[in-house]
Amino acid sequence: KDFRNNVKPNWCPGCGDFSVQASIQRAAANLSLTPETLTIISGIGCSGRISGYINAYGLHGIHGRALPIAQGVKMGNRDMTVIAAGGDGDGFAIGLGHTIHAIRRNIDITYIVMDNQIYGLTKGQTSPRSAEGFQTKSTPAGSIESSLSVMQMALTAGATFVAQGFSSEVKDLTSLIEQGIQHKGFSLINVFSPCVTYNKINTYDWFKENLIKLSEIDGYHPSNRIMAMETLMKHNDLVMGIIYQDKEKYSYQELLNGYSKEPLAYSRLNLGRETFDNLVAEFM
Ligand code: SF4
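Residue numbers (our numbering): 42 to 325.
And the structure:
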């Protein structure tokens with residue numbers, strides 16, 4: 042199935058988000074999804090435009106709120122594959138509360154963060170992922186705050202799938218997205234997706250020099266949470282691959298099945314006008 046549409050992305054040439062778009066499209070095709078069975082909900086930021094560039098159901102939502110909408114879509118139709126997508130400012134600043142609770146709730150959706158360590162849409166300000174000392178218009182003397190370690194945060198919040206990719210490694214990124222979609226539960230995939238226009242520090246070359254593949258670390262196994270945390274700390278979070286996966290924990294949907302088997306999307310609520318009026322009156 043073709044997940045391309047006729048909308049031309051207006052990202053800057055070279056922006057890492059192009060590769061994320063291609064990787065989602067390839068992963069969806071490899072998993073034999075169809076545009077009718079895939080929904081992409083995005084937040085605000087350059088990366089938030091992604092939902093408009095993929096031939097699937099989509100909603101370009103509001104700042105920091107992609108996850109509540111995406112979780113609602115999944116609860117309304119459990120047969121739908123749901124991807125939430127956005128930038129590091131969207132998910133780790135204004136939307137961080139939603140990110141933490143989606144992680145611990147373990148609803149079966151995939152969250153892809155395009156992490157460029159800066160606010161691109163608003164023309165280059167320091168983000169929660171910018172390193173200490175990072176200079177932008179908002180921190181001309183260098184940031185005095187620490188960068189948020191989102192992978193370590195996700196592990197301590199009880200995440201069941203934590204992975205990290207890089208826009209230059211499309212094949213690996215596609216595989217990570219496929220595995221994230223197939224994971225039963227919440228999957229968080231942080232993607233180093235360079236902003237070529239405003240971030241002149243964390244460039245493609247910088248990531249190529251500093252990132253290491255977990256598959257090249259002897260004895261690394263993503264089922265070991267302690268090993269995952271120690272590896273992140275040792276390598277300053279600059280690793281690629283599946284950092285941690287718990288294949289045993291029940292997802293929110295599985296735990297709910299004892300209560301209701303029928304997704305809301307398939308319910309037929311023939312309430313009738315009188316019943317509806319009475320219901321409304323109860324809340325007045
Ligand atoms: Fe991409 Fe940066 Fe351009 Fe936004 S400003 S489209 S993040 S390169």
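In this text, a Cβ means the ideal position worked out from N, Cα and C, and glycines have one as well.
- For G136, the closest alpha carbon among the candidates L252, R90, I103 is that of I103.
- Straight across, the Cα-Cα distance linking A200 with L229 is about 8 Å.
- Of all C-beta pairs linking the segment 245-263 to the segment 175-187, fewer than three are shorter than 8 Å, placing the two stretches out of contact.
- In the three-state scheme derived from DSSP, where H, G and I count as helix and E and B as strand, I103 is classed as coil.
- Exclusion of V232 from the 7 Å shell around the ligand SF4 follows from its C-beta lying no nearer than that to any non-hydrogen atom of the ligand.
- Going by DSSP, M274 is part of no beta strand (DSSP E) but of the alpha helix (DSSP H) stretching over 266-275.
- Under the DSSP assignment, F248 falls in the alpha helix (DSSP H) whose first and last residues are 245-251.
- Burial state of F324 is exposed, judged by a 10 Å Cβ sphere holding fewer than 16 other Cβ atoms.
- Within the chosen limit of 7 Å, the ligand SF4 does not reach the beta carbon of Y94 with any heavy atom.
- About 5 Å separates the beta carbons of T151 and I222, which is inside the 8 Å limit, making them a contact pair.
- The beta carbon of G127 sits no closer than 7 Å to any heavy atom of the ligand SF4.
- Collapsing the DSSP output to three states places A195 in a helix.
- The DSSP assignment places complete beta strand (DSSP E) segments of no fewer than 3 residues inside the segment 83-151 at 98-101, 122-128, in order along the chain.
- Cβ contact annotation for P169 (same chain, cutoff 6 Å, sequence separation greater than five): F133, A134, L189, in chain order.
- With 16 or more other Cβ atoms from the protein chains shown falling within 10 Å of its own Cβ, Y160 counts as buried.
- For I185, same chain residues with a beta-carbon under 8 Å away, outside a window of 5 residues either side, are E173 in chain order.
- No Cβ-Cβ contact shorter than 8 Å links F248 with P263.
- Between the C-alpha atoms of E289 and G183 there is a straight-line separation of about 44 Å.
- Under the DSSP assignment, I230 falls in the beta strand (DSSP E) whose first and last residues are 228-233.
- Assignment of F59 by DSSP, reduced to helix, strand and coil, places it in the helix class.
- Cβ-Cβ distances below 6 Å link H139 to L108, P109 in the same chain, with the five nearest sequence neighbours on each side left out; the list follows chain order.
- Bounds of the beta strand (DSSP E) holding Q286 are 280-286.
- Rounded to the nearest whole angstrom, the CA to CA distance from K225 to N147 is 9 Å.
- The criterion of a C-beta distance shorter than 8 Å is satisfied by I153 and I218.
- The ligand SF4 approaches T238 closely enough that one of its heavy atoms is under 7 Å from the residue's Cβ.
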